[in-house]
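Protein chains in written order, with my numbering: chain Z, 175 to 580; chain Y, 21 to 196.
Next comes the structure, spelled out in C-alpha cells:
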C-alpha cells in the first residue's frame with residue numbers, strides 16, 4: 175500500500191510540476207511576443223506613413239492609407255497642431271496636453287484603453303519630411319497580436335483542466351485502494367476469527383478424547399483392588415497423557431512466532447542425525463531408511479525448525495508404511511535451491527485429501543493431531559521455500575521441500 | 021477524504037470563476053466584446069461605414085443596449101445604438117436589407133468583432149436620419165432624450181450640435 179501510494183501521488187505530482195513549468199513558461203513568453211509583433215507592425219506603418227508624407231506633403235495620400243490593424247493615427251507638428259488625423263474632424267485642432275519634448279523622446283509605446291473600452295497599442299514616434307518633422311501618434315488594434323496570448327491562456331486552461339482531472343482520478347483511485355484495503359483487512363479479520371473458532375473446536379475435540387480415556391482409567395484405578403490391574407490402567411493413563419502432551423507440543427510449535435536464529439548449518443548432517451534418531455522406531459515397523467545426500471551442503475537455516483520439519487516428514491512416511499517398506503531421503507541442489515525429497519512406498523494419500531493435508535488439524539489418522547504437515551509447510555515458508563506433494567494410493571508418497579540456499 | 025475533495029473542488033471552482041466575476045463587477049462593460057457598450061465613445065476612432073442591415077436593432081446584454089449588424093466592405097460591423105429605452109422612443113425604422121450609413125466610434129472587441137458606437141445613422145432606403153450623439157460624442161440620452169431628426173431628408177453627414185454629458189469624447193494626446 176505504501177509503495178502504491180507513493181506511486182499514486184508521485185506520478186501526478188511530477189506530472190503537475192512538469193506541466194506547471196511548461197504552462198508558466200509558455201504563458202510568460204506570450205506577452206513579450208505579442209508586444210514584439212505590435213512594435214514591428216507599428217514601426218512598419220510609421221515607415222510607410224513617412225514615405226507617403228515625403229512623397230506627398232499635402233497628406234492627401236494618407237486619406238487612402240489604411241490597414242486593418244490601425245485604430246487611428248495622427249500627425250502633430252512642432253506647435254502641437256494636428257496636421258492629419260484619421261478622424262478628419264480633428265485636423266487643425268490643438269493636440270491635447272501637447273509637450274514638445276515628445277519630439278526628443280524617440281519611440282514611445284504603451285498599451286492603453288480608449289474611451290470605447292478597447293485596449294490598443296499606442297506608439298508615438300517622430301517622422302520627417304525634407305523640411306518638417308512631425309510627431310506620429312498611432313493606435314493599433316491588439317486583437318490579432320494578442321492571439322498568441324489567448325492561445326497561451328487556452329493552453330494553460332487545458333493543461334490546468336487536465337491536471338485537475340488527473341488529480342481527480344488519482345484521488346478516486348486512492349479512495350478505491352483505501353476501500354479495497356479496508357475490505358481486505360475486514361475479510362482477513364473475519365477469516366482469522368472463523369479459523370480461531372474452528373481451531374478451538376478441533377482442539378477441544380482432540381483434548382476431550384484422551385481426557386475421557388484418562389478419566390475412565392483413573393476411575394478404574396480408583397475402584398480396582400487388584401494392584402496388577404491398577405498398574406495396567408495407570409499405563410493407559412500415561413499413554414493418553416503423552417498423547418495430550420504431544421498435541422500441546424505440536425500446537426506450541428505450530429503457533430510459535432519465533433522463527434529461531436538462522437545459522438550456517440550442514441543440511442546433510444542434519445538429515446543423517448534425524449535418520450539415526452528414527453531408525454529404531456522405523457525398525458519396529460520393518461521400515462528401512464535410505465539417505466542419499468551430498469557430502470556437504472551449507473545453508474543458513476534455523477536448525478531447530480528444520481529438524482522439526484525433517485522429523486515430521488520422516489515420521490509421517492514411517493507411519494504411512496504399517497506393513498514395512500523403504501523410506502528414502504535425498505538432497506540435491508539445483509539453481510540455488512536445495513531440494514529435499516522424502517519418499518515412501520506406503521499406502522499413499524487419497525487424491526481428494528491432497529488439498530487438505532497442509533491445513534492445521536486436518537488428519538486422516540485416528541491418533542494424529544493434524545498439525546505435522548501444517549508445521550512443515552510453515553517452516554518451509556519461514557525459510558523462503560515451499561512444499562510439494564505427489565502421491566499415488568498403494569504406491570507411495572513423495573514430498574519435496576524446496577529451500578533457497580546461498 | 022470526501023470532505024477534503026469537496027473543499028478542493030470548491031477552491032478550484034472559485035479560482036476558475038475569477039475572470040468571469042471581474043466582468044460582473046465592472047459596470048457597463050460587455051462580457052463578450054469587453055467594450056463599454058453603455059457609454060463608450062472615442063472621438064479619435066470616428067469613422068463612417070456603409071452597408072446592408074442583416075440584423076435589425078434589438079435589445080442586448082445586461083445593459084439592455086441596442087445593437088444591429090451591418091455588412092460593410094470591412095466585414096460585419098455591430099452597431100451600438102445606445103440604451104434600448106431610448107432607441108424605442110425614436111421611432112426610427114430600420115429593417116433587414118436596408119442600406120444604411122453609420123458614423124461613429126469604431127472599436128474592435130476582444131472577441132475580434134468590429135463595433136461601431138453610433139453617432140449618426142442614415143437609412144438610405146427610407147431617407148431617414150437620426151443623430152444619437154453630438155460631434156464630440158456626448159450621448160443625447162444622457163441629457164433627457166433630446167435628438168436631432170432629419171425626417172425624410174437624405175443623409176448629408178451633418179450632425180447636430182454638441183451637447184454636454186457623456187464620457188470618452190476628448191481627443192487623446194500628450195503624455196500618457
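Virtual Cβ for every residue (Gly too), placed ideally from N, Cα, C.
- Look at residue 252 of chain Z here: in three-state DSSP terms it is coil, with no helix or strand label.
- Think of a sphere of 8 Å around the beta carbon of residue 137 of chain Y: the chain Z residues whose beta carbon falls inside it are 290, in chain order.
- At least one CB atom of chain Z sits nearer than 8 Å to the CB of residue 63 of chain Y.
- Unbroken beta strand (DSSP E) stretches of 3 residues or longer found wholly inside the region 379-443 of chain Z: 437-440, given in chain order.
- In this structure, the straight-line span from the alpha carbon of residue 255 of chain Z to that of residue 109 of chain Y is close to 41 Å.
- In the structure shown, residue 88 of chain Y falls within a strand segment according to DSSP collapsed to helix, strand and coil.
- As DSSP reads the structure, residue 119 of chain Y sits in a beta bridge with Y:72.
- Going by C-alpha positions, residue 296 of chain Z is about 14 Å away from residue 127 of chain Y.
- Here the region 286-293 of chain Z lies against the region 57-69 of chain Y, with 3 or more beta-carbon pairs under 8 Å apart.
- Burial state of residue 363 of chain Z is exposed, judged by a 10 Å Cβ sphere holding fewer than 16 other Cβ atoms.
- Selection Y:152, Y:146, Y:125 evaluated against residue 72 of chain Y yields Y:146 as nearest (Cα-Cα).
- In the assembly as shown, residue 426 of chain Z is an exposed residue. Its beta-carbon has fewer than 16 other beta-carbons within 10 Å.
- By the Cβ criterion, the region 405-425 of chain Z is not in contact with the region 435-445 of chain Z, since fewer than three pairs of Cβ atoms, one from each stretch, lie closer than 8 Å.
- Annotation: residue 538 of chain Z to residue 455 of chain Z spans about 21 Å, alpha carbon to alpha carbon.
- Note that the region 246-254 of chain Z does not touch the region 318-335 of chain Z; fewer than 3 beta-carbon pairs, one per stretch, sit closer than 8 Å.
- Runs of the beta strand (DSSP E) spanning 3 or more residues and lying entirely within the region 265-311 of chain Z occur at 282-287, 293-302, in chain order.
- Under the 8 Å criterion on CB atoms, residue 261 of chain Z is classed as interfacial with respect to chain Y.
- Using a 10 angstroms sphere on the CB of residue 470 of chain Z, the tally of other CB atoms stays under 16, which defines it as exposed.
- Taking a Cβ-Cβ threshold of 8 Å, none of the residues of chain Y is close to residue 308 of chain Z; the smallest such distance is about 13 Å.
- Under the three-state reduction of DSSP output, residue 190 of chain Z falls in the helix class.
- Here residue 314 of chain Z is not near residue 210 of chain Z, since their CB atoms are 8 Å or more apart.
- Residue 482 of chain Z sits buried, since 16 or more C-beta atoms from the chains shown fall within 10 Å of its C-beta.
- Per the DSSP secondary-structure output, residue 99 of chain Y pairs in a beta bridge with Y:88, Y:136.
- Close CB contacts of residue 570 of chain Z within its chain, under the 7 Å cut and outside five residues either way in sequence, are with 517, 518, 519, 520, 522 (chain order).
- Rounded to the nearest angstrom, the gap between the Cα atoms of residue 93 of chain Y and residue 80 of chain Y is 25 Å.
- Straight-line spacing of the CA atoms in residue 341 of chain Z and residue 200 of chain Z works out to 22 Å.
- Per DSSP, the beta-bridge partners of residue 258 of chain Z are Z:249.
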